[in-house]
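> Quick one: structure below, then a few questions.
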Amino acid sequence: MCRAARHGLILATNARRPLAFIFVPYAIMFTYSFFTRTFPTMEPDFQFGNYAALLIDPQYYQVLLRTLKISFLVSVSALVLAYPLAYFLAFKIASARLRTALYVAVIVPLWVSYLLRAYTWKTILGSEGVLNSFLVWSGILSEPTDLFLYNQFAMVVTLTYIFVPFMVMPIYTALEKIPRSLIEASKDLGVGRFRTFLAITLPLSVPGILAGATFTFCLSMGDFVAPFLVGGANGAMIAIVVQSQFGTALNWPLGSALSIVMLVLTLAIISLSDRFERTGRLDLA
Amino acid sequence: MTLAIDTPRAPAWPRWLRIDHPRASAKALGIAAAAVIGFLYLPIVVLVIFSFNDNTVTTLPLRGFTWRWYQAALANQDLLTALWNSIYVATLATLVCILFGVPAALALDRIDFPGKALFRRAVLLPLALPGLITGISMLNLFRVVGFDLSLTTVILGHGTALISVVVTQVFARLQRFNRRLEEASDDLGATPLQTFRHVTLPNIRSAIVGSALISFTLSFDEIPVTFFLTGRDNILPMYIYSTLRSGITPEINAVGAVIVVSSLIVIFFSVYLLSGQGEGR
Numbered sequence: 000m001c002r003a004a005r006h007g008l009i010l011a012t013n014a015r016r017p018l019a020f021i022f023v024p025y026a027i028m029f030t031y032s033f034f035t036r037t038f039p040t041m042e043p044d045f046q047f048g049n050y051a052a053l054l055i056d057p058q059y060y061q062v063l064l065r066t067l068k069i070s071f072l073v074s075v076s077a078l079v080l081a082y083p084l085a086y087f088l089a090f091k092i093a094s095a096r097l098r099t100a101l102y103v104a105v106i107v108p109l110w111v112s113y114l115l116r117a118y119t120w121k122t123i124l125g126s127e128g129v130l131n132s133f134l135v136w137s138g139i140l141s142e143p144t145d146l147f148l149y150n151q152f153a154m155v156v157t158l159t160y161i162f163v164p165f166m167v168m169p170i171y172t173a174l175e176k177i178p179r180s181l182i183e184a185s186k187d188l189g190v191g192r193f194r195t196f197l198a199i200t201l202p203l204s205v206p207g208i209l210a211g212a213t214f215t216f217c218l219s220m221g222d223f224v225a226p227f228l229v230g231g232a233n234g235a236m237i238a239i240v241v242q243s244q245f246g247t248a249l250n251w252p253l254g255s256a257l258s259i260v261m262l263v264l265t266l267a268i269i270s271l272s273d274r275f276e277r278t279g280r281l282d283l284a
Numbered sequence: 000m001t002l003a004i005d006t007p008r009a010p011a012w013p014r015w016l017r018i019d020h021p022r023a024s025a026k027a028l029g030i031a032a033a034a035v036i037g038f039l040y041l042p043i044v045v046l047v048i049f050s051f052n053d054n055t056v057t058t059l060p061l062r063g064f065t066w067r068w069y070q071a072a073l074a075n076q077d078l079l080t081a082l083w084n085s086i087y088v089a090t091l092a093t094l095v096c097i098l099f100g101v102p103a104a105l106a107l108d109r110i111d112f113p114g115k116a117l118f119r120r121a122v123l124l125p126l127a128l129p130g131l132i133t134g135i136s137m138l139n140l141f142r143v144v145g146f147d148l149s150l151t152t153v154i155l156g157h158g159t160a161l162i163s164v165v166v167t168q169v170f171a172r173l174q175r176f177n178r179r180l181e182e183a184s185d186d187l188g189a190t191p192l193q194t195f196r197h198v199t200l201p202n203i204r205s206a207i208v209g210s211a212l213i214s215f216t217l218s219f220d221e222i223p224v225t226f227f228l229t230g231r232d233n234i235l236p237m238y239i240y241s242t243l244r245s246g247i248t249p250e251i252n253a254v255g256a257v258i259v260v261s262s263l264i265v266i267f268f269s270v271y272l273l274s275g276q277g278e279g280r
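So this is what it looks like as structure tokens:
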């Protein structure tokens, strides 16, 4: 016991250091968001002008709304693609080894160079790209179209592509946990497959859906690589605006205020889904 | 049997909603699943194919096989410097992750200390938060402290952003670890250090190595944090990012294909290590 205590003390003092390292930066950012900008630097101050600017200037709140819309579309499309895959993995593959292998195959792209995978979509969707040249070659289009790239469609495709594995993981975990006896019981009672799915499988997989959607929504909200590569002029997202405040626009206080808004939104969504998930769990108990 | 009679019968569904052919529905599901997996690998395949295509634009039809883009990449001095800097950054950032991440995971697993819940959240924050916010807040910190942006700041930034990978994986392994083994070692007179070295460490080693490999590969294409923290020295993700601004070159396809294929191999290996005797995840 004494050994454990000694051990603990060492670990606890060690653990506090990364804690400070993670929290202090956010605190500094929060402070900056009240500063006044004096080009090219800023002055310490306490005023809400930066936050007011975000509410009044349509340039900012419109981008914010567009970001929310795109993140929503991405979450929905990722869900549509991920659910059948997760369902197939969890229920339709008998061999445990094959199931693990396929699951790994789905997860692996998540860790493989995000930048390069996003960039490849640019070469696929571009006006001289793979998709266009294929469509022209096969005679579906008479000439290449530029409808695929540099718009919100391209962003939804790219971001959906990137976040599908994030969606599959929690849904698969939730489906795996469903006791098979529940589904068999429903079938024994004469309920059809589709109704069994609606009444048992789907509700029990809601925590997984929520977790996946939260991840996907938050991460696409903060993404600035996809809008940069495939978004074009009307595809700008909030992260691009934040980035330019710290770069070319050189307005750190405004950029900090925008980041705080993003931070609060993200944390709110995370804790909201946390709460839903918990009530969902209570209902089942 | 009586049970079935007592249960209200399910109302009949419209014919088009009834999926009564198990084979047909399973087949449709299988095709959908295969299509999604294909979708996940399509860009990777496209990238590799076009890195060997003898054409300056990435367009169909393919023109023929060439090593030209790989030779051009190898002759590009800026690119090689960036690659070297990236290896340096990824190695040290991974070290930072291990040095702080493993003790943090141990602390989360075994010790109750004030603010534990908060600590848990804080460690996981960079995983869920947009990387952009981590990057900007670190930039602010370095500015306040008076650090000049350099490879060192990038290393610290990557360390912070990627530590959650190590903590979550090692923590998950520790949760499955049987503590009795440590008690037994203790009872047999081993010192705490000996117990850690010969009992605890071998059990979490594959989780540490696996998560370290993942951190290493992630550091290779970390953009959001890198973007704000790089100084004069370019590293690979920033080099690729700024090259993309000026248009697509097949040279990037060649470098990209090398990175993607080698990280595929590393990741498959580390996922195998993390799964710990095929237990999955």
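Line by line, the protein sequences are chains E and Z. Here the first sequence stands for residues 0 to 284, numbered as in numbering that gives the first Met the number 0. Here the second sequence stands for residues 0 to 280, numbered as in numbering that gives the first Met the number 0. Glycine included, C-beta positions come from ideal geometry on N, C-alpha and C.
Count the other CB atoms, across all protein chains shown, that sit within 10 Å of the CB of residue 117 (chain E); report buried if there are 16 or more and exposed otherwise.
Classification of residue 117 (chain E): buried, given that the 10 Å Cβ count is 16 or more.
> Check the Cβ-Cβ distances between residue 263 (chain Z) and every residue of chain E, and say whether any is below 7 Å.
It does: the Cβ of residue 263 (chain Z) has a partner Cβ on chain E nearer than 7 Å.
> Nearest to residue 142 (chain E) by CA position, among E:77, E:153 and E:128, is which residue?
Comparing Cα-Cα distances from residue 142 (chain E) to each of E:77, E:153 and E:128, the minimum goes to E:128.
> For a minimum of 4 consecutive residues, which ranges assigned as the alpha helix (DSSP H) are wholly contained in the region 111-182 of chain Z?
Those alpha helix (DSSP H) runs which fall completely within the region 111-182 of chain Z and span 4+ residues are 115-127, 130-144 and 150-175.
> Closest Cβ-Cβ distance between residue 221 (chain E) and chain Z: below 7 Å?
Yes, because at least one Cβ of chain Z sits closer than 7 Å to the Cβ of residue 221 (chain E).
> Mapping the DSSP letters down to three states, classify residue 35 (chain E) as helix, strand or coil.
Here residue 35 (chain E) sits in strand by DSSP.
> Three Cβ pairs or more, each shorter than 8 Å: is that satisfied between the region 131-145 of chain Z and the region 191-209 of chain Z?
Judged by Cβ distances under 8 Å, the region 131-145 of chain Z makes no contact with the region 191-209 of chain Z, as fewer than three pairs qualify.
> If I measure Cβ to Cβ from residue 82 (chain E) and keep anything under 7 Å in the same chain, skipping five residues before and after, which residues do I get?
Around residue 82 (chain E): 170.
> Closer than 7 Å, CB to CB, is residue 143 (chain Z) near chain B or not?
The displayed structure is made up of protein chains E and Z, and chain B is not among them.
> Is it buried or exposed, residue 264 (chain Z), if we count other Cβ atoms within 10 angstroms and call 16 or more buried?
By the neighbour-count rule (16 or more Cβ atoms within 10 Å), residue 264 (chain Z) is not buried but exposed.
> Suppose the cutoff is 7 Å on Cβ atoms and the five residues either side in sequence are ignored; what does the same chain contact list for residue 169 (chain Z) look like?
Closer than 7 Å at Cβ, skipping near neighbours: 100, 101, 104, 203, 206, 207 and 210.
> So residue 287 (chain E) packs on residue 108 (chain E), CB below 8 Å; how close in whole Å?
There is no way to answer for residue 287 (chain E), as the model of chain E reaches only from 0 to 284.
> Under 8 Å, CB to CB, which of the residues in the region 55-69 of chain E have a partner in chain Z?
Under the 8 Å Cβ criterion, the region 55-69 of chain E contributes no residue.
> Provide the residue(s) that pair with residue 64 (chain Z) in DSSP beta bridges, ordered along the chain.
Residue 64 (chain Z) is bridged to Z:52.
> Below 6 Å CB to CB, which residues in the same chain sit around residue 221 (chain E) once its five sequence neighbours on both sides are set aside?
Cβ neighbours of residue 221 (chain E) beyond the five flanking positions: 238.
> Skipping 5 residues on each side, what residues in its chain have a beta carbon closer than 6 Å to that of residue 210 (chain E)?
The answer, listed in chain order, is 169.
> What residues in the region 223-244 of chain Z bring their beta carbon closer than 9 Å to a beta carbon of chain E?
Those residues of the region 223-244 of chain Z that come within reach of chain E (Cβ to Cβ, closer than 9 Å) are 223, 226, 227, 236, 239, 240, 243 and 244.
> Return the Cβ separation of residue 135 (chain Z) and residue 28 (chain E) in integer angstroms, given the expectation that the two are a contact with Cβ distance under 8 Å.
Confirmed, about 6 Å.
> Could you check what DSSP says for residue 236 (chain E) in three-state terms: helix, strand or coil?
In the structure shown, residue 236 (chain E) sits in coil (DSSP, three-state: anything other than H, G, I, E or B).
> Cβ of residue 259 (chain Z) less than 7 Å from any chain E Cβ?
With 7 Å as the cut-off, residue 259 (chain Z) counts as an interface residue toward chain E.
> Give a yes or no on whether 7 Å exceeds the smallest Cβ distance from residue 225 (chain E) to chain Z.
With 7 Å as the cut-off, residue 225 (chain E) does not count as an interface residue toward chain Z.
> Rounded to whole angstroms, how far is the Cβ of residue 52 (chain E) from the Cβ of residue 59 (chain E), which I believe are closer than 8 Å?
Yes, residue 52 (chain E) and residue 59 (chain E) are in contact; Cβ-Cβ is about 7 Å, under 8 Å.
> Tell me the DSSP secondary structure of residue 42 (chain E) in three-state form.
Three-state DSSP puts residue 42 (chain E) in a strand.
> On a CA-only basis, which of E:67, E:157, E:213 and E:56 is nearest residue 270 (chain E)? Give me that one, please.
The candidate whose alpha carbon is nearest that of residue 270 (chain E) is E:213.
> Is the separation between the beta-carbon of residue 252 (chain Z) and that of residue 50 (chain Z) shorter than 7 Å?
Cβ distance < 7 Å, so residue 252 (chain Z) and residue 50 (chain Z) count as in contact.
> Short of 8 Å in beta carbon distance, which residues of its chain neighbour residue 174 (chain Z), apart from the five on each side in sequence? Order them along the chain.
Cβ neighbours of residue 174 (chain Z) beyond the five flanking positions: 108.
> Do residue 184 (chain Z) and residue 93 (chain Z) have their C-beta atoms closer together than 7 Å?
Cβ atoms of residue 184 (chain Z) and residue 93 (chain Z): not closer than 7 Å.
> Does the region 121-137 of chain E touch the region 38-46 of chain Z, meaning 3 or more C-beta pairs lie closer than 8 Å?
Enough Cβ pairs lie closer than 8 Å, so yes.
> Which of the three DSSP states, helix, strand or coil, is assigned to residue 189 (chain E)?
Looking at residue 189 (chain E) - three-state DSSP - the assignment turns out to be coil, as it is neither helix nor strand.
> Exposed or buried, what is residue 96 (chain E) when buried is set at 16 or more other beta-carbons lying within 10 Å of its beta-carbon?
Classification of residue 96 (chain E): exposed, given that the 10 Å Cβ count is below 16.
> Excluding the 5 residues flanking residue 66 (chain E) on each side, which residues of the same chain have their C-beta closer than 7 Å to its C-beta?
Once the five neighbours on either side are set aside, the close Cβ partners of residue 66 (chain E) are 220, 236 and 237.
> Please confirm if residue 84 (chain E) has its CB atom under 7 Å from at least one CB of chain Z.
Taking Cβ atoms only, chain Z reaches closer than 7 Å to residue 84 (chain E), which makes this a yes.
> So is residue 233 (chain E) buried or exposed if we call it buried at 16+ other beta carbons inside 10 Å?
Answer is exposed; the Cβ neighbour count stays below 16.
> So, residue 54 (chain E) versus residue 166 (chain E), is the Cβ gap smaller than 7 Å?
Cβ atoms of residue 54 (chain E) and residue 166 (chain E): not closer than 7 Å.
> Residue 156 (chain Z): buried (16+ other C-beta within 10 angstroms of its C-beta) or exposed?
Residue 156 (chain Z) is buried by the Cβ-count criterion.
> Given a cut-off of 7 Å, decide if residue 138 (chain Z) and residue 227 (chain Z) are closer than it, judged by their beta-carbon atoms.
Yes, these two residues count as a Cβ contact at 7 Å.
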